Amino acid sequence: MSNSQSTQVQPIRPWAASTSDRAITGASVLVSALLTYILVATTPLKGKLAYFFVFFLIWFIIDSILISRRYGSKGVRDALAAKVTLFGGVIVMLAVASILWATISKGVKGLHLSLFTQTMRTTSFTDPFSNGGMLHSIIGTLYLILIAVLISVPMGILTAIYLTEIKGRAAGLIRFLVQAMSGVPSVVAGLFIYAAIILNTPLRNSAFLGGLALTILMVPTVTRTAEEVLNLVPRDLREAGLAMGATQWKTVALVVLPAARSGLITATVLGVARVAGETAPLLFTVGVFDAINPNPFKGGSGTIPTYIWAGLTAGTSDSVQRAWTAILVLLMVVLILFTLARTLGNKRMKAK
Amino acid sequence: MSSTFAPSAPTASAPDPRKLTTKHRVSDRIFRAVVTAFSFSALIILALIGIFLLTKGLSAFKEQGLHFFTSSTWSVTQDANGKDVNHFGLAAMLLGTVLIAAVALFIAVPLSVLTALFLTFYAPERIRTLLVSVVDLMAAFPSILYGLWGFFILGPMAEYWAKLINKYLGWIPFLSVPQPSFTRSPFIAGIVLAVMIVPIITSVSREVFSQTPLDRVQAAYALGASKWGMIKAVVLPFGSSGIVGGAMLGLGRAFGETVAVYSVLNIVFRPNWHILFTQGGNVASMIIGQWGEAGKAEISALLAAGLVLFVLTLLVNFAADFVVNRAVKSGR
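First to last, the protein sequences are chains A and B.
Each residue of the first sequence is one higher than the one before, counting from 6 in the numbering used here.
Each residue of the second sequence is one higher than the one before, counting from 256 in the numbering used here.
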């Protein structure tokens, strides 16, 4: 009995970092940080980015020397590759952090309640930014999104059903075209609506036309996400439906679509997040309006992106402040939509 | 009671056997027809975009002929008789578009491949999920946000970098400048675009890397390769066409980006090779820049420019799709 206990094997992980390895890594990071500080402080190099680059360079060198003593040149190359990829990832994260930080720090200054209760009807963009608000823009953007959702979601989901349920002969071609459509520049979508509708029919700039332009940009996103989601619905469910004597139409409508419901909502939300901030197509199709326009089919309309655009192009410090604040609001909306899509998507995965 | 259990006399006629058929019922035929009809919306929309931009832009093509692609003048003037004289040439804008996209790819491709490698092979699980969300979020940032950031935050920094590059590498022809002016240059627009296309290149590369056949990965490890040795020998050769495809998707995005480039670029109708110098061109941004005061003839020319942009991005996207699909299929 005691014998068997003494031979019980403790699991070991020879590849895991030992305490001395960790100590060496920590020491090399610390030494490089110190050297970086000294170097940047004493030489003409300056700025936060100088710290960043010098740190990585010194760390590469110090760590390489330490590793070459233990593992030779092959180990050095391996460790260097790991660090260089980390370096790339950190640069991307720095850019994101810089964008988020700029938006929050600059936008927060202009946040006040009247932003959500007033319009620009009696205010000019160059007035002090505590006057006026963007209520009309928020309402206009809601109109646009509603119109785009009403058209593009049925279109996208039906296309996805064709690709996953009917699997017709043209499926390959359709998939290819949807992919190509996702690359249509947003400015071209706006020009198209202008050339096709404003130049040919009595309809003029309105929220409806803006919604049509956004539809072109939204359909590919909805289609591709919906296709992925429908592919995740188990085959058993479809076969069970058909075996019970249901027609394909009833199987899709009563079994497949309900099973994929949360995923289809995710597809919609991702599509909305894609188009909510589009600016270029709106400049041709929606026009500008400084008050609330309840009719989406007639007359221009304010939207959040064109509000930002007007603030940016007006160019005074007050108008730019308006732009930063509006972009903070827009970013919050996109973030909320994005998180919503993620949580819905995760729930779907866990339900599996 | 017992009588009900007695087998009843055989009835005169047994029920007919159910008819078996592979033909779709009426409801299904309607369903399939409707769905099929809707699935062609992508084709119809793409065709309509081409047709309408062509018909409305045709007059500009006719009026300008080949000058539309070779000349760099863009002006509407009136001659002595008060008649409009139009010059619409896209050459400088096309050159600028390619130049900016090249700068963007030059920066974004290495960065994205490194990030994708880090995410697929090096990052610990928890950091990976976080970073993947952040990269996806980057793709959802509105382009006007990149424009604002590029103009107010990146602009001054990048101007300083441009001065450094010019100081030490100015002997390379395209890094020289005719006058020491570095603001709002194609270089800065290229950096902004690079940040915008990093997410798409990263996610395509990541997808292809993660499909590397496991047996080859394990074979490399079994032969004693280090992680980097494995990546160099297996992952990169396998994923190279995926990287190329992702880069081309990014290129398509870079060609069509409008608002962000307009915010950071000083658009001048003059061909400019010096990427650090303060003037550049971009078809998409030029369109919104000129739109405000455009008369009828100029609107036609702008629609024609839109058609050129549309065809350009479509071609790049077709090619990219082809390359990516081949990369993904070869893994299965």
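For every residue, glycine included, the Cβ atom is placed at its ideal position computed from N, Cα and C.
Bear in mind the structure is a predicted one, so any value in this text is a computation, not a measurement.
In this chain, H279(B) is not harboured by any alpha helix (DSSP H), its DSSP state being neither H nor E.
Annotation note: the segment 196 to 239 of chain A contains the following uninterrupted alpha helix (DSSP H) runs of length 4 or greater, listed N- to C-terminal: 212 to 237. The continuous beta strand (DSSP E) containing N341(B) extends over residues D339 to F343.
For the segment 257 to 280 of chain A, residues whose beta-carbon sits nearer than 9 Å to a beta-carbon of chain B comprise V257, A258, L275, A278 and R279.
The DSSP assignment places complete alpha helix (DSSP H) segments of no fewer than 4 residues inside the segment 374 to 427 of chain B at 380 to 395, 398 to 404 and 410 to 424, in order along the chain.
By DSSP's assignment, I522(B) forms a beta bridge with G535(B). Listed in chain order, the positions of the segment 394 to 423 of chain B with a beta carbon within less than 9 Å of a beta carbon of chain A are A394, A395, F396, P397, S398, I399, L400, Y401, G402, L403, W404, F406, F407, I408, L409, M412, Y415 and W416. Scanning chain B for C-beta atoms nearer than 8 Å to the C-beta of W329(A) yields L403, reported in chain order. In the DSSP assignment, W254(A) is bridged to no other residue. Chain B places a beta carbon closer than 9 Å to that of T108(A), counting this residue as a contact. Sequence-distant Cβ neighbours of V289(B) in its own chain, meaning closer than 8 Å and more than five residues away, do not exist here. Ranking G246(A), G250(A), V274(A) and P301(A) by CA distance to the CA of L262(A) puts G246(A) first. Judged by DSSP in its simplified three-state form, V14(A) adopts coil rather than helix or strand. By the Cβ-count criterion, V113(A) is exposed, with fewer than 16 other Cβ atoms from all chains shown falling within 10 Å of its own Cβ. The C-alpha of G445(B) lies about 10 Å from the C-alpha of A515(B). Between the segment 484 to 498 of chain B and the segment 390 to 399 of chain B, the count of C-beta pairs closer than 8 Å stays below three; the two stretches do not touch.
According to the DSSP secondary-structure assignment, W483(B) is paired through a beta bridge with no residue.
The Cβ-Cβ distance between L369(B) and V89(A) falls below 9 Å.
In terms of beta-carbon proximity, E244(A) stays away from the interface with chain B, with every pair separated by 9 Å or more. Chain-ordered, the chain B residues with CB closer than 8 Å to the CB of D83(A) read S481, K482, W483 and G484. Using a CB distance cut-off of 9 Å, E512(B) counts as an interface residue toward chain A. Taking F376(B) as reference, the option from I299(B), Y423(B), F464(B) and S330(B) with the minimal CA-CA separation is F464(B). At the C-beta level, N580(B) and S187(A) stay beyond 9 Å of one another. The secondary-structure analysis by DSSP pairs S330(B) across a beta bridge with H342(B).
Collapsing the DSSP output to three states places I452(B) in a helix. Distance from the CA of A331(A) to the CA of H141(A), rounded to the nearest whole angstrom, comes to 12 Å. For I63(A), the enclosing alpha helix (DSSP H) starts and ends at K53 to G112. Going by DSSP, W314(A) is part of the alpha helix (DSSP H) stretching over I309 to A319.
Per the coordinates, the alpha-carbon of T276(B) lies some 25 Å from the alpha-carbon of L168(A). The straight-line gap separating the alpha-carbon atoms of F324(B) and V189(A) is approximately 21 Å. In the displayed model, Q184(A) falls within a helix according to three-state DSSP.
Counting every other CB atom within 10 Å of its CB across the protein chains shown gives V14(A) a total below 16, marking it as exposed. Taking a Cβ-Cβ threshold of 8 Å, none of the residues of chain A is close to V499(B); the smallest such distance is about 16 Å. In the DSSP assignment, G268(A) falls within the alpha helix (DSSP H) that extends over R266 to V280. Against chain B, the beta carbon of Q253(A) has neighbours under 7 Å at D283 and F286, listed in chain order. For Q466(B), the secondary structure class from DSSP, reduced to helix, strand or coil, is coil.
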